[in-house]
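For reference, the structure is listed below as structure tokens.
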Ligand SMILES: *Cc1c(COP(=O)(O)O)cnc(C)c1O
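Residue numbers (the numbering used here): 33 to 276.
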């Protein structure tokens, strides 16, 4: 994966970041959307805290992590190394027993997909607030399974509203919208059309839940065309992940 230290790594990250922000801007223009209608979440899983610090220095403020305890440790290291106000979101599957640690570092969890997990996160966010580990409610996005395949996580479309009601009723949680990982069967337009429809219906019932987290390195343009407000990009910025 090349040199990950020093100036050459910084140059590599800067070049990749610029090409991704160019792609995002072009996709927004092409979709006739405002320049800030979709934000970039830089996915740093499997990469060291030093990369996060470099990316923060290059202007990135929002990061995504997907695994515990890697995420907790990295966030702590980064917060030691930088005075910047950076945000970290949890985008990977959360085991209920990890809810406590996730609630201490995450701004938002993108991958909420079961009722027991909502309960665990609600309790964890309350504790984190009481102990001073967090000051704002824990954001929550309901992860939608577009094809019903449990492999990538997500709740069935028919069960989204019920889970959203449960989140909305929890004091320490704040329902922010929906997230999806598009199936990789090549029909991205079809899946994104479906997701946009689900999001539209969801917005009528939960008008505050405006976020739609969709699009990754390979499909951010399609996602932006269909209304994504947050693209989660790892590989196109950091390179191939060291471990699959
Ligand atoms: C790893 C990951 C990403 C980033 O994917 P890339 O293809 O590397 O851009 C996005 N979303 C989720 C949920 C991930 O786990």
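Don't be surprised by glycine CBs; every beta carbon is placed ideally from N, CA and C.
Contact test: residue i Cβ vs ligand 1 heavy atom, cutoff 8 Å
i, result
"residue 110", "no"
"residue 248", "yes"
"residue 46", "no"
"residue 171", "no"
"residue 142", "yes"
"residue 5", "With the chain running from 33 to 276 in the structure shown, residue 5 is simply not present."
"residue 77", "yes"
"residue 255", "no"
"residue 264", "yes"
"residue 180", "no"
"residue 124", "yes"
C-alpha gap between residue i and residue j, whole angstroms
i, j, result
"residue 43", "residue 246", "27 Å"
"residue 106", "residue 80", "7 Å"
"residue 138", "residue 217", "31 Å"
"residue 82", "residue 127", "27 Å"
"residue 248", "residue 176", "16 Å"
"residue 92", "residue 49", "9 Å"
"residue 214", "residue 129", "27 Å"
"residue 140", "residue 70", "16 Å"
Pair within 9 Å by beta-carbon distance, residue i and residue j
i, j, result
"residue 74", "residue 235", "no"
"residue 172", "residue 205", "yes"
"residue 186", "residue 121", "no"
Residue i, enclosing alpha helix (DSSP H) - first and last residue
i, result
"residue 81", "81-89"
"residue 172", "It is not in any alpha helix (DSSP H) - residue 172 instead sits in the beta strand (DSSP E) that spans 170-177."
For residue i, the first and last residue of its enclosing beta strand (DSSP E)
i, result
"residue 244", "243-245"
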